[in-house]
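A.B. asks: Residue numbers (the working numbering): 784 to 1214. Just so you know, even glycine gets a beta-carbon here, dropped at the ideal spot from N, CA and C. Below you'll find the structure I mean.
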C-alpha cells in the first residue's frame, strides 16, 4: 500500500529536489507522477530542466511513460524503481524522466511510435533511452528486473549494456538516433502538401470492410490474434454499414463479437463494464484496468446492436455499462474519472476474483453454488497470473456456456436464470 503524500503546505516547504524522502515528482500535479514521488530514482518531469541536465552531464535520458491505472507500470515500479540497486544504476548513468501519457498525449504518441518502430509493438510502461536532445536510440516496454534467459535480459543487465554503448560506441548511438528520429517524423507526418487527412470516401470504407472481414475470428468473435482489445470503433463502422446497406453478415459479425466479449472475463459480470483488454484470443483473461473511453464507446455499440438484432440481452450489457459509469465513475462535481486501477490492495484484479467459498458466504450455499457453476468457477480457481502462472485460488467470473445452455443444464427457464444471476450480481456488488 502506498503511503499518503504530505499536504500542499508541507510540499511547498520541501527543497527543489524533494529532499531525502522524495524526488522532484512530489511537486507534480499528475497522480501518476506523484505515485513515483517516493522512488529512490531521481525522477524529473519532462521539460527543459531535464533536457538541460542531460546536456550538462552528457548523459542519456531514460524516459518512462505510463499512467496511473496501468498494472505493468506498477509491476516495473515495484521490481525496479523502488529497488535501491536499480535506482543507483539509473541515477549514476542516466537522467531519469517520468511522463504521464494522460497528461501528455502528444509525447506519448511520438515516443510510442518510436517504440513500435524498434520492436514492432507497443504498450505501457513505455521505456526509452534518448540522446540529451530527446532523440530515441533504444526502446521497449516492461522489462523484468532479472534476466529471463539469453533472449530476455533483465533491466539491471540492460542498463549496464546501454551505458556501455553510450560511452564506447557513441557514433553508432547517434546514427541510430538520427535514423529513428527520421522514421518517427515520416510516420507521423501528413502527406506532402496536405493540411488535413484525406476526406472519407466510399472506396476507403469498402477497403476497411474487406480488411475487417479478412481478419475476423470466427471462433471467439472480434478479430484475430491476442491480446484482444474491444474493437468499438470497428464495430461502430460495421453497424453504420449495416444500417446503410442492410447487410446481415455485418450485423452477424458485430453480434458474434459482442457475445464473445459479454460472455468472457473481459466483461465485469458483477460490476458492469469492460476491462481494458484480454490477454488471450477467447476474451477470458483480462488486464483489469477499466477505462472510461473504452466503456463510453462500447455503450452505444451494445445499445445499437440490441435494437438492430432484437437482442434484449445485449441491452442488458449496455445497461450494466451505464450503471457502472453513473454509479462508480461519476465524480461528485459532475465529471467522470478516467479509469479504475488494475490493482486492488496491491494485487492485480483482487476485487474481481471470487472463490467458491466467498460466493457461498455472500449468497448462501445453494445460490452461491449455482453462480459458481454458471460462471465457470473451479475449486482451485481458474485465474493464473499471466507473467508467473501463479494461481491465487480466485475465479474470474465468465460464461463458458450460453445462458440458454446453462439454464437447460440447471433445469431452469433462461429468463429465470437471468433474473437469479442479476439478483446475485447485485448482492455481490453490495458485499
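1) Given 8 Å as the limit, is there contact between the region 927-944 and the region 954-961, that is, 3 or more CB pairs closer than that?
2) By alpha-carbon positions, which one of 1015, 1140 and 984 ends up nearest to residue 1083?
3) Could you work out which residue in 1118, 899 and 1104 is closest to residue 920 when comparing CA atoms only?
4) Can you look up residue 1043 in the DSSP assignment and give me helix, strand or coil?
5) Name the two residues that bound the continuous alpha helix (DSSP H) containing residue 1151.
6) In whole angstroms, what is the alpha-carbon distance linking residue 1030 and residue 1024?
7) Is residue 910 helix, strand or coil when you go by DSSP?
8) Are there 16 or more other CB atoms within 10 angstroms of the CB of residue 1048, so buried, or fewer, so exposed?
9) Pop quiz: residue 917 and residue 902 are said to be a contact at Cβ under 8 Å. What is the actual Cβ separation, rounded to whole angstroms?
10) Quick check on the burial criterion: 16 or more other C-beta atoms within 10 angstroms. Buried or exposed for residue 1116?
11) Only counting the same chain, and skipping five residues up and downstream in sequence, which positions put a Cβ closer than 6 Å to that of residue 870?
12) Whose CA, out of 847, 890, 1112 and 788, lies closest to the CA of residue 938?
13) Quick one: what does DSSP say residue 1070 is sitting in, helix, strand or coil?
14) Going by beta-carbon coordinates alone, are residue 1181 and residue 1059 separated by less than 8 Å?
15) Would you call residue 1076 buried or exposed, if buried means 16 or more other Cβ atoms sit within 10 Å of its Cβ?
16) Kindly indicate the opening and closing residues of the beta strand (DSSP E) around residue 1011.
17) Considering residue 878, what are the terminal residues of the beta strand (DSSP E) in which it resides?
18) Assign residue 1161 to one of three DSSP states: helix, strand, or coil.
19) Under three-state DSSP, which class holds residue 1216?
20) Using 8 Å as the threshold, is the C-beta distance between residue 1063 and residue 1009 below it?
21) Go ahead and label residue 1162 buried or exposed: buried means 16 or more other beta carbons lie within 10 angstroms of its beta carbon, across all protein chains shown.
22) Pull up the distance between the alpha-carbon of residue 1156 and that of residue 1053, whole angstroms please.
23) Can residue 1104 and residue 1159 be called in contact, C-beta distance under 8 Å?
24) Once DSSP output is grouped into helix, strand and coil, what is the label at residue 1126?
25) For residue 1088, count neighbouring Cβ atoms within 10 angstroms of its own Cβ and tell me buried if that reaches 16, exposed if not.
26) To the nearest angstrom, how far is the alpha carbon of residue 915 from that of residue 877?
27) Note down, in chain order, each residue of its chain lying with its Cβ closer than 7 Å to the Cβ of residue 941, except the 5 sequence neighbours on either side.
28) Take the Cβ of residue 987 as the centre, count every other Cβ of all protein chains shown within 10 Å, and call the residue buried at 16 or more, exposed below.
29) List, from N- to C-terminal side, the beta strand (DSSP E) runs of 3 residues or more that fit wholly inside the region 895-952.
30) Grab me the residues of residue 1208's own chain with a C-beta within less than 6 Å of its C-beta, minus the 5 sequence neighbours each way, in chain order.
31) Just mark residue 1012 as buried or exposed, buried being the case when its beta carbon has 16 or more other beta carbons within 10 Å.
C.D. replies: So, to answer that:
1) no
2) 1015
3) Closest option to residue 920, Cα to Cα, is 899.
4) helix
5) 1148-1157
6) 8 Å
7) strand
8) buried
9) Not confirmed; about 19 Å, so no contact.
10) The residue is exposed, with fewer than 16 neighbouring Cβ atoms inside 10 Å.
11) 823 and 824
12) 847
13) In the structure shown, residue 1070 sits in a strand (DSSP, three-state: E or B).
14) no
15) Residue 1076 comes out exposed.
16) From DSSP, residue 1011 is part of no beta strand (DSSP E); its letter is neither H nor E.
17) 878-883
18) coil
19) As shown, the chain starts at 784 and ends at 1214. That puts residue 1216 outside it, with no answer to give.
20) Closer than 8 Å, so yes.
21) exposed
22) 15 Å
23) no
24) Strand, per DSSP.
25) buried
26) 10 Å
27) Setting aside the 5 residues that flank it on each side, residue 941 is surrounded in the same chain by 926, each with a C-beta closer than 7 Å to its C-beta; the list follows chain order.
28) exposed
29) 909-913 and 919-923
30) Here the set comprises 1053.
31) exposed
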